[in-house]
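Student: Be aware that the sequence shown starts at 58, since it is given in the numbering used here, and climbs by one per residue. Positions of the beta carbon are idealized from the N, C-alpha and C atoms, including for glycine. Quick one: this structure, given as structure tokens, is what I'll be asking you about.
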Amino acid sequence: MLYTACEPLVLASASPRRRELLARLGLRFRVVPSPLEEPPVDARPEIGVRRSALFKARSVAEREPSSWVLGADTIVVLGGLIFGKPSCPEEAVKMLRSLSGRSHSVFTAVCLIHLKRGFSQGDVIQTRVEFRDLSDAEIAAYVRTGEPMDKAGGYGIQGLGAAFVKAVYGSYTNVVGLPLAETLAMLQKNGVIAAQ
């Protein structure tokens, strides 16, 4: 174990990828997904994704007022278009066709809240990802695996979707769904975790 939780920590996310990233570090935490639907994303990606992460964290913090609550949200942005999770396989195909051969941005917002202490802090991290050209056959085969369906932008860089990525500029873990360097700094600075 690299880190230990000094105070109760709750991850306000159903994402198995976020859970796995934190667990890999040896952190002890509970998972309590937000029970509410996410609000619509704002036209400005940084603002909308921050609002969504805050919304998730706050909705769980209201039920866990004595714990530190960590919420996060991730979106993909291409030329002003915001891609969340595809709602159906056809939408995943459209997203992947749009991303093919192009560079896009991945924004992840992380929000830390402690309701009893009146504490709230958030950060938005941006990573640029460049895709190689994809054939329609590759896209169709990938969508059939089901992997794109619960991921912003319709791909998982930590899974089969890695085959589409030509380059990553910035935080790899941000693209997975939780920018670890920034998240750990936030947790350490506020005494939530410490190096073991």
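1) Which of the three DSSP states is assigned to ILE250 in this structure?
2) Would you give the residue range spanned by the alpha helix (DSSP H) that LEU191 belongs to?
3) Helix, strand or coil for ILE139, going by three-state DSSP, please let me know.
4) Along the chain, where does the alpha helix (DSSP H) containing ILE104 start, and where does it finish?
5) May I ask you to verify whether the segment 157 to 175 touches the segment 99 to 115, counting CB pairs closer than 8 Å and requiring at least 3?
6) Roughly how many angstroms separate the alpha carbons of GLU195 and PHE140, rounded to a whole number?
7) Taking all protein chains shown into account, do 16 or more other C-beta atoms lie within 10 angstroms of the C-beta of TYR226, making it buried, or fewer, making it exposed?
8) Do ILE182 and PRO236 come within 7 Å of each other at the CB atom, strictly closer than that value?
9) Taking contact to mean 3 or more Cβ pairs, one atom from each stretch, closer than 8 Å, check whether the segment 124 to 143 and the segment 65 to 75 are in contact.
10) Would you give the residue range spanned by the beta strand (DSSP E) that THR165 belongs to?
11) Answer yes if the segment 71 to 79 comes into contact with the segment 142 to 154, meaning at least three C-beta pairs across the two stretches below 8 Å, and no otherwise.
12) When the Cα atoms are used, what is the spatial distance from ALA71 to GLY158?
13) Closest to SER162 by C-alpha separation, out of ASP193, ARG115, ASN231, would be which residue?
14) Quick check: the Cα distance between ASP130 and PHE86, rounded to an integer number of angstroms?
15) Please state whether the Cβ-Cβ distance between LYS82 and ALA118 is less than 7 Å.
Tutor: Per the coordinate set shown:
1) strand
2) Premise fails: LEU191 is in no alpha helix (DSSP H) and is neither H nor E.
3) strand
4) 102 to 118
5) yes
6) 20 Å
7) exposed
8) yes
9) yes
10) 160 to 171
11) no
12) 31 Å
13) ASN231
14) 18 Å
15) In the sequence under discussion, the amino acid at residue 82 is Leu, which differs from the Lys named in the question. Their beta carbons are not under 7 Å apart, which means LEU82 does not touch ALA118 by this criterion.
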